[in-house]
Amino acid sequence: MNKPRLTYLLTAISAIFALSSCEKEYTNYSVSNATLQEYVDKFLEEAEARGVKSLNPYKTGLNMYFGDCHEGAAGVTYYENPIRIVIDEETWNKYTNYADGKSQNEHTVFHELAHGLMYKKHYNDTLPNGEWATMMAGDPIPSGFIPNTNFRGERRTYYLDQLFNSSGTKTPSWAKPVFDDPTEGLTKMVDDDFSAEFDSKHWTTGENSNFKATTNTGEFVFQNKSTNNYIVPLKNITASNSGDVYVEAVLKVEMSQSNRTFILEFGEEQDNGDNTTYTYHYASFHGIRLRIGNMRCYAPYGQATSPKNIFGNDYVKVAIRKKGDYMYYFIDDKCIYKDIIDTNIGGTSYGFIVYSGSTLHVKSYRIWNDGTVSQYRSSAERMPQIIDVEERETPNK
Ligand SMILES: [Zn+2]
0 MNKPRLTYLL TAISAIFALS SCEKEYTNYS VSNATLQEYV DKFLEEAEAR
50 GVKSLNPYKT GLNMYFGDCH EGAAGVTYYE NPIRIVIDEE TWNKYTNYAD
100 GKSQNEHTVF HELAHGLMYK KHYNDTLPNG EWATMMAGDP IPSGFIPNTN
150 FRGERRTYYL DQLFNSSGTK TPSWAKPVFD DPTEGLTKMV DDDFSAEFDS
200 KHWTTGENSN FKATTNTGEF VFQNKSTNNY IVPLKNITAS NSGDVYVEAV
250 LKVEMSQSNR TFILEFGEEQ DNGDNTTYTY HYASFHGIRL RIGNMRCYAP
300 YGQATSPKNI FGNDYVKVAI RKKGDYMYYF IDDKCIYKDI IDTNIGGTSY
350 GFIVYSGSTL HVKSYRIWND GTVSQYRSSA ERMPQIIDVE ERETPNK
């Protein structure tokens, strides 16, 4: 009875030896979670699809897990043996609740894997319109820029092409957008020129301790005297923005030195008692840098350089065109940013966000749309109101 037992034992021991020698090259590989593993698989697939077959973290080692990255970072790579990547769990979970969550979380993992598996360093060169030339933007971020990369649609394809084949990638067409006549095919619905003719029903005027709004100087002027940010909506607008639309305003902004932000918005609003909640697409100006996003996203995901400063002495025409699945942003009739829409926000809300201490001067305001008409609304519902602008910081990687 004893003898056969010993044989079984020896067989079992040799089987363990065989297994461990076989798997020795895998012992440095640990990805803590099936979701992260899916992104690793996807990264390797994207590499292989572009002819890069040399990446093998199972052999070279990788230790990746969710943890706590400090100082506002979404992910950190440590050059240890094996390479260690920490994905910030809090940031990841925050993003999953927003429309840009999937693309931003994917970008985070891919960016860290490019550090860890390809030894890519941060690279902050920009494309002709001022957005990142690679998906490896990072510290130190130049002043006025945000670390986020728009990682959706054709941009994602370009950034991956560039990552895996950096010498063979041409400047993408979306970085030199052209849109000759943004009003083509649309009907003019609002045509307010404060030096000539305008519909006073669109504009709330008056003064209280927080703001002063007038139209008697050949401009609409909104002076925000308060320490809050104000949304200044147009009212009684019939132009729906759920279809194709073009909106333009000739304006300039005077502001207190400390707060160089101004937002042109359009989207939808919901009444809830005393206040109205706004959900909008926005073009947000910080000096000559433009940040682009919408309220369904965690943070502004797009950016470009404006050819003109709306905080300067000159008036600037700022415009947004929505056409089919794309949005186009213009400064003085020059298209500077083209973006795919994956978040449709539709309504009849148009307006501005004027930051604390700033004064907005509008010379003219015009809207064209595809003819969709909605009902007039009561003017009382669209008074300027304090808005808690949640333009969140974008995380470093
Ligand atoms: Zn990085």
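Numbering (numbering that gives the first Met the number 0), first residue to last: 0 to 396.
Even glycine gets a Cβ: it sits at the ideal position worked out from N, Cα and C.
Got a sec, what are the start and stop residues for the alpha helix (DSSP H) T107 sits in?
G100 to M117
Burial state of P299 (16 or more Cβ within 10 Å):
buried
Would you mind sorting V361 into buried or exposed? The rule is 16 or more other CB atoms within 10 Å of its CB.
buried
Alpha carbons only, please: which of G356, F65 and C68 is nearest the one belonging to Q398?
Within the shown structure, residues of the chain are numbered from 0 to 396, placing residue 398 beyond reach of any answer.
Inter-residue spacing [alpha-carbon to alpha-carbon] between K224 and L185
37 angstroms
Is the beta carbon of K396 within less than 8 angstroms of some heavy atom of ligand 1?
Indeed, a heavy atom of ligand 1 lies less than 8 angstroms from the Cβ.
What are the start and end residues of the alpha helix (DSSP H) that includes D387?
Element bounds for D387: n/a, residue is neither H nor E.
Can you find the residues in the same chain that come closer than 8 angstroms, C-beta to C-beta, to G143, ignoring five residues on each side of it along the sequence?
H285, G286, I287 and R288
Between L250 and Y314, is the Cβ-Cβ spacing less than 9 angstroms?
yes
Buried or exposed: where does Y94 fall if 16 or more other Cβ atoms within 10 Å of its Cβ makes it buried?
buried
So, with DSSP's three-state summary, where would you put E73?
Residue identity differs from the one stated: residue 73 is Ala in this sequence, not Glu. Looking at A73 - three-state DSSP - the assignment turns out to be coil, as it is neither helix nor strand.
Residue closest to Y78, alpha-carbon to alpha-carbon, out of A33, V51 and T59
T59
Taking the Cβ atom as the reference point for each residue, do W131 and T107 lie within a distance shorter than 9 angstroms?
no
Pick out the complete beta strand (DSSP E) segments inside the stretch 238–266, 3 residues or longer, and give them in chain order.
244–253
Does the beta-carbon of D138, which I'm using as the reference point, lie nearer than 8 angstroms to any heavy atom of ligand 1?
Indeed, a heavy atom of ligand 1 lies less than 8 angstroms from the Cβ.
Let me make sure I understand the geometry here. Which of K337, S194, N62 and I366 has the alpha-carbon closest to that of P127?
Put simply, of K337, S194, N62 and I366 the residue whose alpha carbon is nearest the alpha carbon of P127 is K337.
Hey, how far is the Cα of T168 from the Cα of K333?
25 angstroms
Which class does P306 belong to by DSSP, given the choice of helix, strand or coil?
coil
Is the closest heavy atom of ligand 1 to the C-beta of M135 under 8 angstroms?
Result yes, Cβ under 8 angstroms from ligand 1.
CB of D243 within 9 angstroms of CB of R320, strictly:
yes
What does DSSP give as the partner residue(s) for V51 in the beta ladder?
V51 pairs with nothing; no bridge assigned.
Starting from D160 and walking both ways along the alpha helix (DSSP H), at which residues does that stretch end?
G152 to F163
So, is H201 buried or exposed, given that buried needs 16 or more other C-beta atoms within 10 angstroms?
Buried is the call here.
Please list, in chain order, all residues of the same chain as L35 whose beta carbon is under 8 angstroms from its beta carbon, the five residues on each side excluded.
M63, Y64, F65, I86 and V108
Around the Cβ of G205, are there at least 16 other Cβ atoms within 10 angstroms (buried) or fewer (exposed)?
exposed
Count the C-beta pairs between the stretch 233–247 and the stretch 174–191 that are closer than 8 angstroms, then say yes if the count reaches three, no if not.
yes
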